[in-house]
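Note sheet for the following structure.
2 protein chains.
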Amino acid sequence: MTPTIKDVAAAAGVSIGTVSKVINKSGFVSERIRERVLLAISLLNYKPNAIARSLKQSKTKLIGILVDDISNLYTMKIIKAVENFAYEMEYNLISCSHNNQAEQEKKALQWLLEKRVDGIIIMPIGSDLDDLNVPNIMPLVFVETKDKNERFDSVIHENMHTSAGLVEHLYSHGHRKFLFIHGSLRHSAEKEKLVGIRQAISNLKLDIDEQNFLDAGTTLDSIAASVRNYLKHEGLPQGIYATNHLALAGTIRALWDMDIRVPDDIAIVGFGDIDTYGILKPSVTVAKQDPYEVGKIAYETLFERIEMDKPISEPKEFVISPKIILGASCGCHPIVNHRVPEVLSHLINETFHSE
Amino acid sequence: MTPTIKDVAAAAGVSIGTVSKVINKSGFVSERIRERVLLAISLLNYKPNAIARSLKQSKTKLIGILVDDISNLYTMKIIKAVENFAYEMEYNLISCSHNNQAEQEKKALQWLLEKRVDGIIIMPIGSDLDDLNVPNIMPLVFVETKDKNERFDSVIHENMHTSAGLVEHLYSHGHRKFLFIHGSLRHSAEKEKLVGIRQAISNLKLDIDEQNFLDAGTTLDSIAASVRNYLKHEGLPQGIYATNHLALAGTIRALWDMDIRVPDDIAIVGFGDIDTYGILKPSVTVAKQDPYEVGKIAYETLFERIEMDKPISEPKEFVISPKIILGASCGCHPIVNHRVPEVLSHLINETFHSE
DNA sequence: CATTGTAATGAAAGCGCTTTTAAATTATAA
DNA sequence: TTATAATTTAAAAGCGCTTTCATTACAATG
Chain G
1 MTPTIKDVAA AAGVSIGTVS KVINKSGFVS ERIRERVLLA ISLLNYKPNA
51 IARSLKQSKT KLIGILVDDI SNLYTMKIIK AVENFAYEME YNLISCSHNN
101 QAEQEKKALQ WLLEKRVDGI IIMPIGSDLD DLNVPNIMPL VFVETKDKNE
151 RFDSVIHENM HTSAGLVEHL YSHGHRKFLF IHGSLRHSAE KEKLVGIRQA
201 ISNLKLDIDE QNFLDAGTTL DSIAASVRNY LKHEGLPQGI YATNHLALAG
251 TIRALWDMDI RVPDDIAIVG FGDIDTYGIL KPSVTVAKQD PYEVGKIAYE
301 TLFERIEMDK PISEPKEFVI SPKIILGASC GCHPIVNHRV PEVLSHLINE
351 TFHSE
Chain E
356 MTPTIKDVAA AAGVSIGTVS KVINKSGFVS ERIRERVLLA ISLLNYKPNA
406 IARSLKQSKT KLIGILVDDI SNLYTMKIIK AVENFAYEME YNLISCSHNN
456 QAEQEKKALQ WLLEKRVDGI IIMPIGSDLD DLNVPNIMPL VFVETKDKNE
506 RFDSVIHENM HTSAGLVEHL YSHGHRKFLF IHGSLRHSAE KEKLVGIRQA
556 ISNLKLDIDE QNFLDAGTTL DSIAASVRNY LKHEGLPQGI YATNHLALAG
606 TIRALWDMDI RVPDDIAIVG FGDIDTYGIL KPSVTVAKQD PYEVGKIAYE
656 TLFERIEMDK PISEPKEFVI SPKIILGASC GCHPIVNHRV PEVLSHLINE
706 TFHSE
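Quick note, the sequences are listed as chains G and E, same order.
For the first sequence, counting from 1, position 38 maps to 38 in the numbering used here; every step adds exactly one.
For the second sequence, counting from 1, position 240 maps to 595 in the numbering used here; every step adds exactly one.
The structure is reproduced here in structure tokens:
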């Protein structure tokens with residue numbers, strides 16, 4: 001049905017080896033023959049079968065990207081960045097969401113391996129990948145979470161100090177009673193952020209207990225619902241700190257739903273993407289995570305591994321230090337004369353202006 | 356390096372044909388042998404090579420989805436829907452953005468064809484696909500735009516009457532001077548919407564000329580910039596009608612930037628996704644486009660074509676009639692006693708409540 | 001003229017699998 | 001025991017390509 005290299009060879013009156021050489025611009029082919037082959041190709045509307053080529057070459061020009069949920073805005077921007085770079089290198093992306101379900105993650109990973117993708121970028125569900133039997137030779141980079149077993153590269157953010165910084169930011173605006181909304185503690189990132197929070201609590205001698213921590217779920221809706229529910233029963237804290245993009249979005253949504261005004265009624269800070277939260281009014285103070293940068297580094301790291309074509313000897317860990325971008329979500333003026341903790345003053349390097 | 360079926364066969368002391376039968380649960384294999392083979396598979400951590408299988412079977416279990424931009428919220432939701440259904444059927448998605456560039460679209464499509472995907476879902480840039488030489492046998496469905504050449508299936512919205520309905524909605528709230536923000540007229544959908552607008556203008560005897568139409572671009576930022584620029588120079592109309600999701604988002608962004616209040620200063624309506632615009636305050640009156648539904652129909656149509664495995668004889672065209680969901684973005688009360696045009700009363704079947 | 005070198009082409013193997021066909025084994029009946 | 005059938009396994013072809021290696025054609029050289 002679809003023409004093969006054989007048909008082209010027959011039409012051009014040459015051997016299939018010669019056609020292959022024309023297509024791949026390899027070896028010696030005289031100009032006269034080359035043109036005849038090219039003509040036959042366009043006449044037959046021949047498209048080389050990448051499957052056959054992949055089988056022969058053991059390269060698929062395919063990158064698998066396995067994430068929590070492509071409809072998560074932050075995640076999607078990472079994918080978009082990877083896609084941009086992959087396009088340049090003529091790679092295509094197989095993208096899968098695991099929707100925070102271990103079973104889906106396992107299945108998707110299995111499919112990617114069977115499809116012999118050249119590399120994998122993974123934002124895992126949190127369980128380690130040991131039982132998934134990913135071979136060491138597979139180029140693979142973790143994103144936003146560390147590899148527990150330290151077998152593979154990862155690109156992550158500095159979480160602990162940044163997290164402490166956000167607490168101190170709230171503190172510096174005079175707030176004392178907080179609610180912390182975080183994600184699943186299976187993720188190394190979330191655990192680190194909590195460590196930072198507890199450190200700050202201890203340093204600042206805050207009166208905060210376990211009741212002020214809320215694991216709100218994995219979807220925007222469930223988070224918003226949890227927050228609404230919490231606020232309804234526990235009343236308003238002075239400040240909310242949402243430890244990740246989704247938690248922050250869910251929190252804002254909940255406040256919106258409940259007509260709670262920021263910063264008049266409550267202060268909020270969080271980790272997130274400035275393009276999303278910077279344009280809000282009032283703009284939200286965030287530890288800025290740039291998904292484009294994450295995608296770029298992830299792609300570059302992966303690409304290098306693919307090119308190297310040998311097992312990972314030394315897994316690399318890229319740590320991006322987020323800057324705290326001041327918004328107006330904590331009230332306009334920090335308490336004057338308040339000691340700004342050292343760590344905080346380092347983090348605040350940049351202020352976001354909405355055009 | 357990676358174990359092959361041969362290694363498994365050797366380890367289990369059987370032929371590769373037998374191993375294949377075990378993997379595919381086909382033919383007769385005695386229980387004793389089956390267990391031996393299964394053991395060898397897990398011992399070797401063998402993963403069948405989908406490439407080799409694809410070559411043999413001429414099926415890849417891969418669906419290509421070529422869209423304007425995966426980071427477009429509306430588009431992304433379509434992808435998400437397709438992904439959900441594809442997962443059930445054990446298909447993977449190769450997703451590509453063409454970013455509204457003809458060259459990228461062509462290249463991506465070429466890659467998908469070479470990779471022998473089992474089917475393609477495409478939201479084209481608007482140029483017709485004639486010169487892309489997609490073979491008729493390829494299962495392919497257009498989304499949000501018609502196939503000019505009527506070779507392939509498509510799932511689209513009813514645009515003309517719905518569009519007229521939105522104009523009439525603005526009219527019924529007492530507004531007379533409008534700005535129409537639309538996308539590229541290469542898209543059949545956009546053209547149809549403009550036809551509807553002109554019909555309504557003529558029916559309602561509105562005094563509106565070409566200056567009130569704005570082709571604002573293809574990215575959120577460019578649209579927002581165009582709108583800001585227009586409003587700065589031309590002043591405020593009474594109502595803005597943005598003909599698609601992106602135009603609506605850009606418009607809202609621009610109004611936000613300029614501190615123009617809705618509906619106090621201006622009324623807005625548009626085509627869009629209720630999940631996005633329904634939660635805004637004030638909620639925006641939209642002709643509701645449900646990306647999940649679009650994705651579902653697109654996938655089902657495609658899947659049927661893939662299963663049928665024969666050339667398209669009768670291309671189908673699925674037309675979804677959007678309902679106009681009333682928000683508060685045009686002012687609360689339509690002018691009483693105003694004749695509600697027939698078409699409008701049909702469209703308004705549903706009202707959106709935010710929980 | 002024979003020899004060597006160079007450029008261009010073709011023949012053939014093989015990538016890892018599925019699937020058809022043939023062969024081997026076992027069970028059943030004569 | 002032998003013939004026949006039923007069941008199970010092995011052998012081999014081939015999917016469409018790349019790539020190595022051998023071959024051919026031709027010009028240049030001694």
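Note that the Cβ used here is the ideal one computed from N, Cα and C, for glycine as well.
Using DSSP with H/G/I as helix, E/B as strand and the rest coil, what is residue i?
i	result
residue 328 of chain G	coil
residue 196 of chain G	helix
residue 17 of chain G	helix
residue 499 of chain E	coil
residue 318 of chain G	strand
residue 266 of chain G	coil
residue 367 of chain E	helix
residue 22 of chain G	helix
residue 631 of chain E	helix
residue 688 of chain E	With a pLDDT of 47 at residue 688 of chain E, under the threshold of 50, the modelled position of that residue is not reliable, and no figure is offered here.
residue 288 of chain G	strand
residue 421 of chain G	Here chain G has residues from 1 to 355 only, and residue 421 of chain G is not among them.
residue 474 of chain E	strand
residue 4 of chain G	coil
With a threshold of 6 Å on Cβ separation, who are the neighbours of residue i within its own chain once the five nearest residues in sequence on each side are excluded?
i	result
residue 92 of chain G	62
residue 518 of chain E	548, 551, 552
residue 105 of chain G	98, 125
residue 333 of chain G	For residue 333 of chain G, the predicted structure reports a pLDDT of 47, less than 50, and the residue's modelled location is therefore unreliable. A value from the coordinates is still provided. Excluding sequence neighbours, residue 333 of chain G sits near nothing in its chain.
residue 40 of chain G	8, 11, 12
residue 599 of chain E	538, 626
residue 376 of chain E	382, 384
residue 640 of chain E	624, 681, 682, 684, 685
Within the same chain, show all residues whose beta-carbon is closer than 7 Å to that of residue i, passing over the 5 residues directly before and after it, in chain order.
i	result
residue 575 of chain E	601, 604, 605, 608
residue 563 of chain E	533, 556
residue 69 of chain G	75, 97, 99
residue 507 of chain E	495, 496, 497, 667, 670
residue 83 of chain G	93
Taking a contact to mean a Cβ-Cβ separation below 9 Å, would you say residue i touches residue j in this structure?
i	j	result
residue 534 of chain E	residue 592 of chain E	yes
residue 141 of chain G	residue 155 of chain G	yes
residue 430 of chain E	residue 472 of chain E	no
residue 442 of chain E	residue 108 of chain G	yes
residue 268 of chain G	residue 157 of chain G	no
residue 435 of chain E	residue 596 of chain E	no
residue 419 of chain E	residue 492 of chain E	no
residue 303 of chain G	residue 89 of chain G	yes
residue 260 of chain G	residue 266 of chain G	yes
residue 466 of chain E	residue 216 of chain G	no
residue 653 of chain E	residue 433 of chain E	yes
residue 499 of chain E	residue 457 of chain E	no
residue 660 of chain E	residue 529 of chain E	no
Near residue i, which residues of its chain fall below 8 Å by C-beta distance, leaving aside the five closest residues on each side in sequence?
i	result
residue 48 of chain G	5, 23
residue 44 of chain G	3, 7, 8, 11
residue 257 of chain G	224, 228
residue 31 of chain G	none
Determine which residues of the segment 80-96 of chain G have a Cβ less than 8 Å from any Cβ of chain E, and write them out in chain order. 80, 83, 87, 90, 92, 93, 94, 95, 96
Under 9 Å, CB to CB, which of the residues in the segment 50-80 of chain G have a partner in chain E?
50, 51, 52, 53, 54, 55, 58, 60, 61, 62, 64, 69, 70, 71, 73, 76, 77, 79, 80
(request) Starting from the N-terminal side, write out each stretch of the alpha helix (DSSP H) that is 4 residues or longer and does not extend beyond the segment 34-113 of chain G. (result) 50-57, 73-88
>> So within the segment 199-263 of chain G, which uninterrupted beta strand (DSSP E) runs reach at least 3 residues, ignoring any that extend past its ends?
In response: 213-215, 239-242
Note to self: Using a Cβ-Cβ cutoff of 9 Å, what residues of the segment 112-144 of chain G are near chain E? List them in chain order.
What the structure shows: 112, 113, 114, 115, 116, 133, 135, 137
(request) Report the residues of the segment 357-374 of chain E with a CB closer than 8 Å to any CB of chain G, ordered along the chain. (result) 357
**Residues in the segment 26-48 of chain G having any Cβ partner in chain E nearer than 8 Å** = 45, 47, 48
Point to revise | alpha helix (DSSP H) runs contained entirely in the segment 508-539 of chain E, provided each spans 4 or more residues | key: 515-527
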